[in-house]
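> So that we are looking at the same thing, I have put the structure below in structure tokens.
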Amino acid sequence: MGRLQPTVVVTPQANRRSDRAKRAKDTVNKVIPDILKSSPRARHGIHNAVLTTDPKAESNTNKLSTSNLTIRLCNTDSLTAARRLTHSSRRQSAAAALANSKQATRSTNVCVLNMASPLRPGGGFLDGATSSEEFLCMRTTLYASLWDDFYRLPEVGGIVTPDVMVHRDSTPEAEDLPKRERFFVDVVSAAMIRFPETNSARIAEKEEAEGGCSCGVSYCDRDRELVTHKMRGVLRMAQSRGAEKLILGAWGCGAYGNPVREVAKIWKRVILGTTRKAESWPGIKEIVFAITDRGQLKEFEKCFGDVLTKESTPPPSEVTPEPQAAGTQSPTSELISELVSKIQETELQLDQISNPRSKARLRDVLANLNKQLSQAGSGPEEDEMPLDPIDEEMEDASYPDAAGGFEGEEGGYYNFDSSDIASSGSVSPSTSDIYEFRVPGTSVPNKSVESHATDDFEHVGFDTESGWFSGSINGLSSLPGKTEARRFRH
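With the working numbering applied, the sequence shown closes on residue 513, and no number is skipped along the way.
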């Protein structure tokens, strides 16, 4: 009797890694340069990446109370969490602007922690690895900002890259996102300590004698202090970018072997402080821990359980419409709230399903909901919002031209001169107004033509011997008869 089910051939792990490495090289050599040529904002972000060593605390006396800080946990990857926060910020900004009869302004970027390798740009990205940093490099323009001169990364600090474009989705296939669904994030790339529990027997015995711990469940005092400084450095770098929403994670708890429970406790202590000394982070309104591993997520839930925000949606914008009578809400506001809730639920379902047909149906539903939201007066549709324009950003005067960049980076991978891109509002310097035309028929004019007529032809750029005309379109109109043209190229 034959087989009832078809045989499923699984690609060997080595081949899959080889395929990922090949695609990574294609991303670095082709995809990212093409994006940077067409996106001034993405190129601006790459050129403005900076290495920060031991960042200092903000000297801002107007501190926010920790009670105003929202902390949430999500069982998802960092880019999916950033996408939800970005779209939520867009809707809130548009609704707030509409309520105050103002034009919607671009919201600040969500800031994402890149759990980076301290030694190699992108970690094992070009080798086909699949850790957190490689995940980001495959789906964003981040890799182009990780300059070799920045490495080795400092113990405390890292690389701050603004305006990193997310151009692929978070699925394992990393499919290209449509232009209107792409978005920007700021990225802080910092490295965690590696294998804190793998000390030699002599060091382990010494630390145990001094009250340290090398069992892998908790840090020794030296490592705990270093990790605390590292985490403070990440928050300070995000603060320096004016970040209001921050995506963190179980930093170093994967391949680097850091104890999950200790990492969660130190994150909590750094963010909220202790009973003796409270911490505050002015400007940061929301922190989301995006963790894909359910075991690690449970440890974070145990640690942060008493301070987590229970709402499934982000808090409303601080900018609100004119206050109404107590206990009343306009029908329009109720409709907007209901539509926003449905949109967020649909987006969540869209992220979780993999069936192409189901995704197509949900996208249609989402488009219809966005249309209803725009008609209800909450601002333009999600795809048409002018907050982060991808297609229209060519006319954005706030970003330098293609010639801008680091001093002395000529000849690099991502160095573009002014001829690489033509703004939609100007004429490309490489465009020529000179054309060549040839009069059909014989290539040489009739010898019986009077000499002064020949002189007239030569005066307007007509070669009487070859039969070719070189000049502008207007000059062509002065020639008799029909012509056929071809574009003159340099």
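All C-beta atoms, glycine included, are put in the ideal place defined by N, C-alpha and C.
(1) By the three-class DSSP mapping on this structure, what secondary structure does F323 have?
(2) Report the residue ranges of all beta strand (DSSP E) runs contained in full by the segment 245 to 292; include only those spanning at least 3 residues, in chain order.
(3) State the DSSP-derived secondary structure class of P346, mapped to helix, strand or coil.
(4) Going by beta-carbon coordinates alone, are A214 and P141 separated by less than 8 angstroms?
(5) Rounded to whole angstroms, what's the CA-CA distance from I457 to S61? Just pull it up for me.
(6) Please work out which residues of its chain come closer than 8 angstroms, Cβ to Cβ, to I58, disregarding the five sequence neighbours upstream and downstream, and give them in chain order.
(7) Provide the residue span of the alpha helix (DSSP H) that contains L159, from first to last.
(8) Could you work out which residue in A287, F173, V210, I69 is closest to A266 when comparing CA atoms only?
(9) Applying the 10 Å Cβ sphere with the 16-neighbour rule, what's the burial state of R517?
(10) Where does G328 land, buried or exposed, given buried means 16+ other C-beta within 10 angstroms?
(11) What residues are listed by DSSP as bridge partners for N137?
(12) What does the alpha-carbon distance come out to for the pair L249 and L396?
(13) Alpha carbon to alpha carbon, how far is V208 from P371? Give it in angstroms, no decimals.
(14) Assuming I182 and A72 make a contact with CB atoms under 8 angstroms, what is their CB distance in whole Å?
(15) Report yes if the C-beta distance between D100 and T315 is below 8 angstroms; otherwise report no.
(16) Give a yes or no on whether the C-beta atoms belonging to V293 and A273 are separated by under 8 angstroms.
(17) How would you write the range of the beta strand (DSSP E) that I94 sits in, first residue to last?
(18) Using only the alpha-carbon positions, how far apart do L149 and R205 sit?
(19) Quick one: is D246 buried, meaning 16 or more other Cβ sit within 10 Å of its Cβ, or exposed?
(20) Apart from the five residues on each side of it in sequence, which residues of its chain come closer than 8 angstroms, Cβ to Cβ, to C134?
(21) Hey, would you say I310 sits closer than 8 angstroms to I94, going by beta carbons?
(22) Taking DSSP as the reference, what is the three-state secondary structure of V73?
(23) Using a Cβ-Cβ cutoff of less than 7 angstroms, which residues in the same chain neighbour M254 once the five nearest sequence positions on both sides are dropped?
(24) What does I182 pair with, by DSSP beta-bridge criteria?
Inspection of the coordinates gives the following:
(1) Here the question's residue 323 lines up with position 300 in the sequence shown. It is helical.
(2) 268 to 271
(3) As a position in the sequence shown, residue 346 is number 323, starting the count at 1. With a pLDDT of only 40 at P346, under the threshold of 50, the placement of this residue in the model should not be trusted; the figure read from the coordinates follows. In the structure shown, P346 sits in coil (DSSP, three-state: anything other than H, G, I, E or B).
(4) Counted from its first residue, the sequence shown places residue 214 at position 191. Counted from its first residue, the sequence shown places residue 141 at position 118. Closer than 8 angstroms, so yes.
(5) Your numbering for residue 457 matches position 434 in the sequence shown. Your numbering for residue 61 matches position 38 in the sequence shown. For I457, the pLDDT reaches just 49, beneath the cut-off of 50, and the residue's location in the model is therefore unreliable, leaving the point undetermined.
(6) The residue labelled residue 58 in the question sits at position 35 within the sequence shown. These residues qualify, in order along the chain: A65, T164, M188, H190.
(7) Your numbering for residue 159 matches position 136 in the sequence shown. From DSSP, the alpha helix (DSSP H) with L159 extends over 155 to 162.
(8) For the purposes of this step, residue 266 is taken as residue 243 along the sequence shown, with counting starting at 1. Comparing Cα positions, the closest option is V210.
(9) The first residue shown for the chain is 24 and the last is 513, placing residue 517 beyond what the model contains.
(10) Here residue 328 refers to the residue found at position 305 of the sequence shown. Exposed, because fewer than 16 other Cβ atoms sit within 10 Å of the Cβ of G328.
(11) As a first step, residue 137 is located in the sequence shown; it is residue number 114 there, counting from the start. For N137, which the question treats as bridged, DSSP gives the partners S212.
(12) Mapped onto the sequence shown, residue 249 falls at position 226. Mapped onto the sequence shown, residue 396 falls at position 373. Their backbone Cα atoms lie some 48 angstroms apart in a straight line.
(13) For the purposes of this step, residue 371 is taken as residue 348 along the sequence shown, with counting starting at 1. For the purposes of this step, residue 208 is taken as residue 185 along the sequence shown, with counting starting at 1. Contrary to the premise, residue 371 reads as Leu rather than Pro in this sequence. Going from the Cα of L371 to the Cα of V208 covers about 20 angstroms.
(14) Position 159 of the sequence shown holds residue 182. Position 49 of the sequence shown holds residue 72. Between A72 and I182 the Cβ distance is about 6 angstroms, and since that is below 8 angstroms, they are a contact.
(15) The count along the sequence shown starts at 1 and reaches residue 100 at position 77. The count along the sequence shown starts at 1 and reaches residue 315 at position 292. Yes.
(16) Numbered from its first residue, the sequence shown carries residue 293 at position 270. Numbered from its first residue, the sequence shown carries residue 273 at position 250. Cβ distance not < 8 angstroms, so V293 and A273 don't count as in contact.
(17) On the sequence shown, position 71 is the one that residue 94 refers to. That run of the beta strand (DSSP E) goes 93 to 97.
(18) Start at 1 with the first residue of the sequence shown, and residue 149 comes out as number 126. Start at 1 with the first residue of the sequence shown, and residue 205 comes out as number 182. Roughly 23 angstroms between the two C-alpha positions.
(19) For the purposes of this step, residue 246 is taken as the residue at position 223 of the sequence shown. Buried: at least 16 other Cβ atoms inside 10 Å.
(20) For the purposes of this step, residue 134 is taken as the residue at position 111 of the sequence shown. Hits under 8 angstroms: V208, D209, V210, V211, A261, R264, A266, K268, L269, I270.
(21) Sequence index remark: in the sequence shown, residue 310 carries index 287 (1-based). Sequence index remark: in the sequence shown, residue 94 carries index 71 (1-based). In this structure, I94 lies closer than 8 angstroms to I310 by Cβ.
(22) Within the sequence shown, numbered from 1, the residue matching residue 73 stands at position 50. Strand, per DSSP.
(23) Within the sequence shown, numbered from 1, the residue matching residue 254 stands at position 231. So the list reads I289, W290, V293, once near-sequence residues are dropped.
(24) Along the sequence shown, one-based indexing puts residue 182 at 159. Note: I182 sits in a beta bridge opposite L74, S212.
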